[in-house]
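Peer 1: Quick one: structure below, then a few questions.
Residue numbers (full-length UniProt numbering): 1 to 730.
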C-alpha cells in the first residue's frame, strides 16, 4: 500500500508541476500579446508625435523668413520715419532741389499720420510674428520632450517584451522536457488544462482512499501500542511502589533521630526565648500579646505587619496633607490678589462705560444735525455719484480680475511646461547617473588605475571637485609644462642621438690630427669674421632704430592722413560722382524698398502667394512665389490676373507713399481689363471686392460687359443729339 501511495504521489507531483508550467506559459503568452498591443499603440503615438514635430520644424523656417521679412520692412519704414529723415524734410523748400535725390517736388515735406499708422501696424505685425515664432519654438520643445519620453517608453516596452519572450521560450523548453508532455501530444492546447485538472482530480480521489486505509491501519497500530504502554506502566508502577516503601522506612529512621536532636535544641534555646520576650514586651500595649502569639504565631505576625503598614501610610498621608494645606494657602493668596485686581478693573470699566455713554449722547446729538440745510435731491445726487464711482471701481476691478485670470492661465501653462522640463531633467539625471556608473566601472577596470589603488566613487570624485579651481589650474599648467619639457627633452635627446650617430659616422675618417687642427683654425677664423659682420649689422640696426624714432611723428601723420583718405575714397566709391547719379540711385533704391514694403503689405491682403523684392544694387523687381518654396522669378512670368494684382498692390503702395497727410479712400482704375481672360478677370474682381470691403471707394472705367454687369452702382455717360451727353447713375 505504501508503494502504491508513493506512485500516486509521484503522479500527482508530475500533474501539478505540468499544470503550473502550462499556466505560466499561458500567462506569459497573454502578457506578450498585451505588450505587443502596447508597443503598437506607443509606436502609433511616436509616429504621430514625429509627424507633428516635423510639421512644426518645417513651419519654423517659414515663420522665421516671414518674421525677417516683416522686420526688414519695419526697419525700412523706421529709416524713412527716423529723426534724420524728418530733419531733412523740414529743410526742404519749394522750388529748390532736394539734397538727397535732386528732385524739385517734395512729397515728404509734411508729416504723414498714415505713415505712423503703417509703422504701428508693422510693429504689431512684427510682434505677432515673433509671438507665433516663440509659440512654435515652445511647441517644438514640448514635442521633442514628449517624443523622447515616448521613445524611451517604447524602448522599455521592447525590452520588457524581449524578457517576456525569453521567459516564454524558457518555459516552453521546460514543457518540452517535462514527463507529462509525451502523454499530452495528441491533446489540443485549449484542452490541456482541462485534461490536467481531471487527471489531478482522479489522482486526488485515489490518494484520499489510500489515505483512509492508511489511517485505519495507523489506528490499529496505535491501539496496540496503547495497550503495550499500559502494561509497561503497570509494571513500572509496581516497581516504583516497592522502592517507595523501602525509602519511607529509611526516612522514618532518619526523622526519629532528627526529632531527638530538635528536642535537645529546644531545651537549650528556651532560656534565650524567655529573655527575648521580656525585651520586646515594652513595644506592645496589650500585656496578653504573648498568649495571642503562642496561640497563633502566624496570625499574630501578620497582624503586626498590618499595623506597621497602616502606621507608615498614615504618616505619609499626614505629610501630604500638610503640603496640600500649604499649596492651598498660596493659591488662596493669589486668588485674593486676582479678586482685588478684577474689582479694580470692573471699577475702571464702569467709569469707561459712563464716559462712552456721554460720548454716545454727544454723537447722537451731532447725528441729528447731519444733512441740515440740504435738500434730498442734493443728498440723492451725492449718493448717485458715489454709486457711479463705486461701479466704475467695480468695472476696473473686473478688468484687473480678467487680466489676473489670463496671467494665471499663462502661469499654469508655464508651470505645466516646467513640470515637463522637471520630468525630462529627472530622466536626464537618471541617464547621467547610469552613464556615470558605467564610466566608473570602466575606469576602475583599467590596469593603471588598479595598480595605483584608486577607487572610483561619487565621494572620491566629490573630494576632487571640492579642490579649489586655482589649485587645479596651477596643477594643470604645471603638468602641461612638465609634458612640454618632457617632449622637448625627448626631442633634444632624439636630435642629439642622431647628431651623435652622424658625428660618429663622419669621424670614421682617415684624416690625421694635423689636418683636423688646420680645419679647426680655419673655422675659428671664419667664425671671427662672421662675429664681426654680426656686430656691424647690430650697429646698423641700432642706427636704423634711431632714425625710425626720429621719424615717428611723421609716420603717425602719414597713417592718420591715410585713414582719412581711405574714408573719402570709400565715400567716393559709394556715392561719389560728378552728376550725383550714384547717390540718386542709392536714394531711389531706398525709396523703392519703402514702396515695396507698402506694396507687399497690400499684396498680402490681396493674395498670400506672392511677395515683391528688389534686385540687389538695381531698381529691377522680382517676385517670390511663397507657395513654391520661396522660388524667385521674374515679374514677366506672372499671368494677366496676377500681374493685375501686383500692379494694383504697387499702385496702392505708391498712394500710401505719396498721400502726405491725406488718407486715400478712393481709387479709380482706367481700363486695363480688356486683355484679361475670364479667370484673370474673376481674380481682379475679387481683389477689388476686398478693397471695397476695407472701406475704400473703387471706381472702374471699363467697357468690358462682364465687369459692368457685376458692378451694382454704375455711372453711365449717354450720348444725346446735338453733341450733348447725359450722365446717368444706376
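Don't be surprised by glycine CBs; every beta carbon is placed ideally from N, CA and C.
With DSSP collapsed to three states, give me the class of residue 625.
Peer 2: Taking the first residue of the chain shown as position 1, residue 625 is located at position 625. Correct three-state label for residue 625: strand.
Peer 1: Taking buried to mean at least 16 other C-beta atoms within 10 Å of its own C-beta, is residue 438 buried or exposed?
Peer 2: Within the chain shown, the letter at position 438 stands for residue 438. Label assigned to residue 438: exposed.
Peer 1: Tell me which residue opens and which closes the alpha helix (DSSP H) that residue 689 is part of.
Peer 2: Counting from one through the chain shown, the residue named residue 689 turns up at place 689. Judged by DSSP secondary structure, residue 689 falls within the alpha helix (DSSP H) whose first and last residues are 678-693.
Peer 1: Quick check: what's the CA-CA separation for residue 268 versus residue 245?
Peer 2: Counting from one through the chain shown, the residue named residue 268 turns up at place 268. Counting from one through the chain shown, the residue named residue 245 turns up at place 245. Answer to the nearest angstrom: the Cα atoms are 35 angstroms apart.
Peer 1: Could you please give the first and the last residue of the uninterrupted beta strand (DSSP E) stretch that includes residue 669?
Peer 2: Looking up residue 669 in the chain shown gives position 669. From DSSP, the beta strand (DSSP E) with residue 669 extends over 666-670.
Peer 1: Report the residue ranges of all alpha helix (DSSP H) runs contained in full by the stretch 211-247; include only those spanning at least 4 residues, in chain order.
Peer 2: none
Peer 1: Closer than 8 angstroms by C-beta to residue 595: which residues in its own chain qualify, once you throw out the five before and the five after it? Chain order, please.
Peer 2: Here residue 595 is taken as the residue at index 595 of the chain shown, counted from 1. 650, 653, 654, 657, listed in sequence order.
Peer 1: To the nearest angstrom, how far is the alpha carbon of residue 140 from that of residue 426?
Peer 2: The residue labelled residue 140 in the question sits at position 140 within the chain shown. The residue labelled residue 426 in the question sits at position 426 within the chain shown. Near 20 angstroms, if we compare the C-alpha coordinates of residue 426 and residue 140.
Peer 1: For residue 600, count the other beta carbons within 10 Å of its own beta carbon; 16 or more makes it buried, fewer makes it exposed. Which is it?
Peer 2: Residue 600 sits at position 600 when you count from the first residue of the chain shown. When all chains shown are included, residue 600 counts as buried.
Peer 1: Could you spell out the range, first to last residue, of the beta strand (DSSP E) harbouring residue 725?
Peer 2: Here residue 725 corresponds to residue number 725 of the chain shown, with the count starting at 1. Run containing residue 725: 725-729, per the beta strand (DSSP E) assignment.
Peer 1: Taking the straight line between their C-alpha atoms, what separation do you get for residue 241 and residue 248?
Peer 2: Position 241 of the chain shown, counted from the first residue, corresponds to residue 241. Position 248 of the chain shown, counted from the first residue, corresponds to residue 248. Rounded to whole angstroms, residue 241 to residue 248 spans 10 angstroms at the Cα level.
Peer 1: Measure the C-alpha to C-alpha separation of residue 53 and residue 467 and round it to an integer number of angstroms.
Peer 2: As a first step, residue 53 is located in the chain shown; it is residue number 53 there, counting from the start. As a first step, residue 467 is located in the chain shown; it is residue number 467 there, counting from the start. Distance from the CA atom of residue 53 to the CA atom of residue 467, rounded to whole angstroms, is 44 angstroms.
Peer 1: To which residues does DSSP link residue 638 through a beta bridge?
Peer 2: Numbered from its first residue, the chain shown carries residue 638 at position 638. Paired residues: none, contrary to the question.
Peer 1: Go through its chain and collect everything with a Cβ distance to residue 526's Cβ below 8 angstroms, but skip five positions before and after it.
Peer 2: One-based indexing of the chain shown puts residue 526 at position 526. Within the same chain, no residue comes within 8 angstroms of residue 526 by CB-CB distance, once the 5 residues on both sides are set aside.
Peer 1: So, helix, strand or coil for residue 314, using DSSP?
Peer 2: As a working note, residue 314 is residue 314 in the chain shown. Reduced to three states, the DSSP call for residue 314 is helix.
Peer 1: How long is the line joining the alpha carbons of residue 700 and residue 666, rounded to whole angstroms?
Peer 2: Here residue 700 refers to the residue found at position 700 of the chain shown. Here residue 666 refers to the residue found at position 666 of the chain shown. Cα to Cα, the separation comes out at about 11 angstroms.
Peer 1: Counting along the chain, where does the alpha helix (DSSP H) carrying residue 711 start and finish?
Peer 2: By one-based count along the chain shown, residue 711 stands at place 711. For residue 711, no alpha helix (DSSP H) run applies, since DSSP gives it neither H nor E.
Peer 1: Mind checking whether residue 160 and residue 28 have CB atoms under 7 angstroms apart?
Peer 2: Taking the chain shown and counting its residues from 1, the one referred to as residue 160 is at position 160. Taking the chain shown and counting its residues from 1, the one referred to as residue 28 is at position 28. Cβ atoms of residue 160 and residue 28: not closer than 7 angstroms.
Peer 1: Starting from the C-beta of residue 640, find all residues in its chain whose C-beta is less than 6 angstroms away, skip the five residues before and the five after it, and write them out in chain order.
Peer 2: Indexing the chain shown from 1 puts residue 640 at position 640. Setting aside the 5 residues that flank it on each side, residue 640 is surrounded in the same chain by 676, 680, each with a C-beta closer than 6 angstroms to its C-beta; the list follows chain order.
Peer 1: Could you check the C-alpha separation between residue 341 and residue 348 for me, to the nearest Å?
Peer 2: The count along the chain shown starts at 1 and reaches residue 341 at position 341. The count along the chain shown starts at 1 and reaches residue 348 at position 348. Their backbone Cα atoms lie some 10 angstroms apart in a straight line.
Peer 1: Buried or exposed for residue 721, please, with buried defined as at least 16 other CB atoms from any protein chain shown within 10 angstroms of its CB.
Peer 2: Taking the chain shown and counting its residues from 1, the one referred to as residue 721 is at position 721. Of the other Cβ atoms in all chains shown, fewer than 16 fall within 10 Å of the Cβ of residue 721; this residue is therefore exposed.
Peer 1: Mapping the DSSP letters down to three states, classify residue 632 as helix, strand or coil.
Peer 2: Residue numbering aside, residue 632 sits at position 632 when the chain shown is read from its first letter. Note: residue 632 maps to strand in three-state DSSP.
Peer 1: To which residues of the same chain is residue 713 closer than 6 angstroms at the C-beta, ignoring the five residues directly before and after it?
Peer 2: Within the chain shown, numbered from 1, the residue matching residue 713 stands at position 713. Excluding residues within five positions, none has a Cβ falling inside 6 angstroms.
Peer 1: Could you please give the first and the last residue of the uninterrupted alpha helix (DSSP H) stretch that includes residue 516?
Peer 2: Taking the first residue of the chain shown as position 1, residue 516 is located at position 516. First-last of the alpha helix (DSSP H) with residue 516: 513-550.
Peer 1: From residue 334 to residue 323, what distance separates their C-alpha atoms?
Peer 2: By one-based count along the chain shown, residue 334 stands at place 334. By one-based count along the chain shown, residue 323 stands at place 323. Roughly 17 angstroms between the two C-alpha positions.
Peer 1: As a quick exercise: from 39, 56, 136, 170, pick the residue whose alpha carbon is nearest that of residue 788.
Peer 2: Since the first residue shown for the chain is 1 and the last is 730, residue 788 is missing from the structure and cannot be characterised.
Peer 1: Just the C-alpha distance for residue 730 and residue 717, rounded to the nearest angstrom, thanks.
Peer 2: The sequence position of residue 730 within the chain shown is 730, counting from 1. The sequence position of residue 717 within the chain shown is 717, counting from 1. Between residue 730 and residue 717, the C-alpha separation is close to 11 angstroms.
Peer 1: Given that a residue counts as buried once 16 or more other Cβ atoms are within 10 Å of its Cβ, and exposed if not, what is residue 636?
Peer 2: For the purposes of this step, residue 636 is identified with residue 636 of the chain shown, where counting begins at 1. By the 10 Å Cβ count, residue 636 comes out exposed.
Peer 1: Go ahead and label residue 611 buried or exposed: buried means 16 or more other beta carbons lie within 10 angstroms of its beta carbon, across all protein chains shown.
Peer 2: Sequence index remark: in the chain shown, residue 611 carries index 611 (1-based). Classification of residue 611: buried, given that the 10 Å Cβ count is 16 or more.
Peer 1: Report all residues from its chain with a CB closer than 6 angstroms to the CB of residue 292; omit the five preceding and five following residues, and keep chain order.
Peer 2: As a first step, residue 292 must be located in the chain shown, where it is residue number 292. Here the set comprises 300.
Peer 1: To which residues of the same chain is residue 711 closer than 8 angstroms at the C-beta, ignoring the five residues directly before and after it?
Peer 2: Numbered from 1 along the chain shown, position 711 holds the residue referred to as residue 711. 700, listed in sequence order.
Peer 1: Buried or exposed: which applies to residue 643, given that a residue is buried once 16 or more other Cβ atoms fall within 10 Å of its Cβ?
Peer 2: As a first step, residue 643 must be located in the chain shown, where it is residue number 643. Burial call: buried.
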